[in-house]
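First up is the structure itself, then whatever we jot down about it.
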Amino acid sequence: MPDSPADTPATLRELPESLELTTLKPHTPLYRIQAAGYPSPIFFGRGPHARFNDPAGEFGVCYVSTSPEGAFVETLGRGKLQGQALALSALDDQILYQLTCTQPLRVVRLDGHYLLRMGLESSLINAPDYMASQHLAARLFHHRDQPDALRYPARHDLERRSLALFERASTHAPHWVWESQGSLLANRSFLEAMVERYQLAITT
């Protein structure tokens, strides 16, 4: 269960009784980049080191993006801020997937004007510390409206949108379809566009 009100950031103690949910239509393409060798790109992590993971570890979260560019910057954007170059071997190991769900998903939007309508501040979803965003995710997961996912701006490119899929979306597992688009290194034109857009360095 989520933490008690005394343990929860004050800004999260009040949420609307009814959430303003939007619907992600069936067959909407979503994207995820992950290392090669895994049987599926649908993975609901429970560790403490992701923005909308449950602080109590009771449910998992799978992170995807609404565009290949969003998946790229969410997966590899942090490296530039840490002064790291992209290694060709690592790019060859990172696989771009396109995913679709044949069932509609009910989504809480944490972007644009939707934040203020919920009485929330943008700092809750883009702060370097994950405590507030994780508590927010737990509150929304346990909300009576039972949303499937959160939609939010990518931290390293606010023009891109990402989705945090709650583990209850795994009940749609038979209806998830995915296809590998190949490694980032194999998608040469896409990789070149990302290197140019974000002024990234590549090493051999």
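Per the UniProt record's numbering, numbering through the sequence shown is continuous, rising by one, with the last residue being 204.
Note that beta-carbon positions come from the ideal geometry of N, C-alpha and C, so glycine has one too.
Because the structure is a prediction, the values reported are computed rather than measured.
The alpha carbon of residue 30 has as its nearest neighbour, out of 126, 62, 50, 48, the alpha carbon of 62.
Following the DSSP letters along the chain, one finds residue 197 inside the alpha helix (DSSP H) bounded by residues 188 to 198. Check the Cα spacing between residue 203 and each of 74, 88, 42, 68: the tightest is with 88. Restricting attention to 51, 154, 199, the CA atom closest to the CA of residue 68 is found in 154. Here DSSP, grouped into helix, strand and coil, assigns residue 24 to strand. Runs of the beta strand (DSSP E) lying entirely within the region 61 to 134, each at least 3 residues long, are 61 to 65, 94 to 101, 105 to 109 in chain order.
Of the other Cβ atoms in all chains shown, fewer than 16 fall within 10 Å of the Cβ of residue 38; this residue is therefore exposed. Here the alpha carbons of residue 16 and residue 65 stand approximately 26 Å from one another.
Between residue 107 and residue 147, the gap from beta carbon to beta carbon is short of 8 Å. In the three-state DSSP reduction, residue 170 falls in the helix class (H, G or I).
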